[in-house]
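In the working numbering, the protein residues as written are 12 to 176. Down below is the structure, laid out as structure tokens.
Right under this line is the structure:
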């Protein structure tokens, strides 16, 4: 038939736009550097050279909320810090995700009972997508949290579908 027939069999991939956008989103995460306490040390260790976050598409931590789409709340959230966390979350562009890292961010940690100044979970301030337990969690656990977030992003539809009439 034509000259170009059967020339692109190995080069062309067919996929739905929804799948392509989901793949791009899950493999290009831009975490924000936002450490509050002990867990921030483990977050920095995860971003260092021993653990390669670039393999998971999350290697470049950003210092500005306007340039990031993942907020990792790592550490104790005090009532004084809560409005600032909400402000930073509101400044992030859509789509945005939150990882609660450590026992303090998840539920108040050891300060839960007697800590009058501690918020009993960051999910009272911002919606949390992934919980990473531990006190403090090891870098491998945070990487598992990134993988869980990627799975959640992959399963989230990105394009609106017309409703069936």
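Positions of the beta carbon are idealized from the N, C-alpha and C atoms, including for glycine.
Setting aside the 5 residues that flank it on each side, residue 109 is surrounded in the same chain by 82, 137, 139, 140, each with a C-beta closer than 6 Å to its C-beta; the list follows chain order.
Closest option to residue 104, judged by alpha-carbon separation, among 135, 147, 76, 68: 76. Ranked by Cα distance from residue 161, the first of 64, 51, 48, 58 is 64.
Leaving aside the five residues that flank residue 118 on each side, the residues in its chain whose CB is nearer than 8 Å to its CB run, in chain order, 131, 132. In the three-state reduction of the DSSP assignment, residue 68 falls in the coil class.
For the options 41, 142, 84, the alpha carbon positioned closest to that of residue 49 is the one of 84.
The secondary-structure analysis by DSSP pairs residue 84 across a beta bridge with 111. Uninterrupted alpha helix (DSSP H) stretches at least 4 residues long and entirely within the segment 139-175 occur at 150-166, given in chain order.
Counting C-beta atoms within 10 angstroms of its own C-beta, residue 79 has 16 or more neighbours from the protein chains shown and is therefore classed as buried. Non-local C-beta neighbours of residue 93 in its own chain, meaning closer than 6 Å and more than five positions away in sequence, comprise 130, 136, ordered along the chain. In this structure, residue 72 and residue 58 form a Cβ contact; the two beta carbons are roughly 6 Å apart against a cut-off of 8 Å. Residue 44 sits in coil when the DSSP states are folded into three classes, being neither helix nor strand. Excluding residues up to 5 positions away in sequence, 53, 56, 57, 62 lie with their Cβ nearer than 7 Å to the Cβ of residue 150 in the same chain.
It is roughly 12 Å from the alpha-carbon of residue 40 to the alpha-carbon of residue 165.
Put simply, the backbone Cα of residue 156 is about 20 Å away from that of residue 74. Residue range 28-37 is occupied by the alpha helix (DSSP H) that includes residue 30.
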